[in-house]
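Participant:
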Amino acid sequence: MTQLPEHGLPPGRHRLLKEHLMTEIRRTDRPAPARKPSGWLRPALVAGAAVAVLATLSVTVPSSGESAPAASKEAVALLEDIALAAEHADVPHGIRDDRFVYLRSKVGWTVQEGDGPAKLEPVHQREVWLSVDGSREGMLHDPVVRSDHELLEKQTPGLPDNTNYRHLQTLPTDPDEMHDWLHDNSAGHRSKDEATFALVGALARESLMPPAQGAALYRAAAKIPGVFVIDDTVDAAGRHGVAVARVDAGQRVELIFDKRTKEFLGERTVAVEDLPWGFEKGEVTGRTAVLERAVVDERGRRP
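End of the sequence shown sits at 467 in this note's numbering; the numbers just go up one at a time, nothing left out.
Following this line, the structure appears as structure tokens:
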């Protein structure tokens, strides 16, 4: 059973996708048939027939074939609230270069066996340890996808798209400059705006963002065309939240936040049209939920 790779990802670049997400990719040994999707298949939750109740949208959603308008006023306002919360977030004590960022989440992946239709895997727990300064091997614990406690390669010093905590501290705190960095360091999707929004979600999900850069990240997201608000949606842990979302390639990608604290909860992806690779309009094609984020002394140690 294979999870589908994204086309056009340059080797050696986009380390958040390459090192954090590609650890989940079960690649096919043969060329992908034309019916397979072009983007990362995102995490998913199986629940019976896996048909999701459509979330209530606060604006009219453009179809994937239309050019996207500017982010809605509701989205800009919500992302400013999220940015303010990120700006004042507590920073874990003792972030030394020899320590590791620990992330525990619930995920489910869309997979495809041979040329058959894609389907959803059950949600399962996933843990990852990431070097604070990128100089040490990280580790993935996800027995559903890979062998237990798989080592993740070190990051190459000096790459502009590194995502270790020390490098993230060097990123811009100005929203326009952060948007430029996101734009320059995102790839592998059908459109640049889609890739930029996906990188926002990847950073929110699987990194420890310094407060000033976290605030800039969400203010930059407000500059991405086509972003709108979903008033109520659910992450992979069953938690309800408010989302900023975007439609592309027949799917709606939702970045979900706690309605009160504006803390990032997780992601959900929903088909907005019948997809040629096996999902019908309204079906969930992916879910994640971040359960814990901390700093620990050793790779493999839990808080």
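Glycine included, every Cβ here is placed at the ideal spot set by N, Cα and C.
Is Gln276 buried or exposed, if buried means 16 or more other CB atoms sit within 10 Å of its CB?
Facilitator: Under this definition Gln276 is a buried residue.
Participant: According to DSSP, is Leu218 part of a helix, a strand, or is it coil?
Facilitator: Because the pLDDT of Leu218 is 24, which lies under 50, any placement of that residue in the model is unreliable, and the question is left without a value.
Participant: Taking Leu248 as part of the beta strand (DSSP E), name the residues at either end of that continuous run.
Facilitator: Element bounds for Leu248: not the beta strand (DSSP E) but the alpha helix (DSSP H), Lys237 to Glu251.
Participant: Can you grab the Cα-Cα spacing for the pair Lys423 / Gly405, in whole Å?
Facilitator: 5 Å
Participant: Within the continuous beta strand (DSSP E) that includes Arg290, where are the two ends?
Facilitator: His288 to Ser295
Participant: Among the candidates Pro339, Thr433 and Arg263, whose CA atom is the shortest distance from the CA of Asp461?
Facilitator: Arg263
Participant: When the Cβ atoms of the segment 370-379 are set against those of the segment 396-405, are three or more pairs found closer than 8 Å?
Facilitator: no
Participant: Go through its chain and collect everything with a Cβ distance to Arg330's Cβ below 6 Å, but skip five positions before and after it.
Facilitator: Asp297
Participant: Between which two residues does the alpha helix (DSSP H) carrying Leu363 extend?
Facilitator: From DSSP, the alpha helix (DSSP H) with Leu363 extends over Lys356 to Arg369.
Participant: Can Thr452 and Arg369 be called in contact, C-beta distance under 8 Å?
Facilitator: yes
Participant: Classify Gly464: buried if its beta carbon has 16 or more other beta carbons within 10 angstroms, exposed otherwise.
Facilitator: exposed
Participant: When the distance is taken between beta carbons, is Asp357 closer than 8 Å to Ala232?
Facilitator: yes
Participant: Would you check if the distance between the CB atom of Leu346 and the CB atom of Ala384 is smaller than 8 Å?
Facilitator: yes
Participant: Throw me the rounded Cβ distance for the Ser371 and Leu419 pair, which I believe falls under 8 Å.
Facilitator: Going by Cβ atoms, the distance from Ser371 to Leu419 rounds to 14 Å, so no, they are not a contact pair.
Participant: Might you give, ordered along the chain, the residues of its own chain that have their beta carbon closer than 8 Å to the beta carbon of Gly258, omitting 5 neighbours on each side?
Facilitator: Val459
Participant: Between Leu335 and the rest of its own chain, which residues show a CB-CB distance below 7 Å, the 5 nearest in sequence each way excluded?
Facilitator: Met342, Trp345 and Gln377
Participant: Tell me whether Thr320 is buried or exposed, calling it buried when 16 or more other Cβ atoms sit within 10 Å of its Cβ.
Facilitator: exposed
Participant: Just to confirm, is the Cβ distance from Val364 to Glu238 under 8 Å?
Facilitator: no
Participant: Runs of 4 residues minimum, wholly inside the segment 376-444: which ones carry the alpha helix (DSSP H) assignment?
Facilitator: Listed in chain order, there is nothing to give.
Participant: Residues bridged to Gly450 by DSSP?
Facilitator: Within the DSSP secondary-structure output, Gly450 pairs in a beta bridge with Thr433.
Participant: Smallest Cα separation from Ala234: which of Glu431, Gly390 and Glu314?
Facilitator: Gly390
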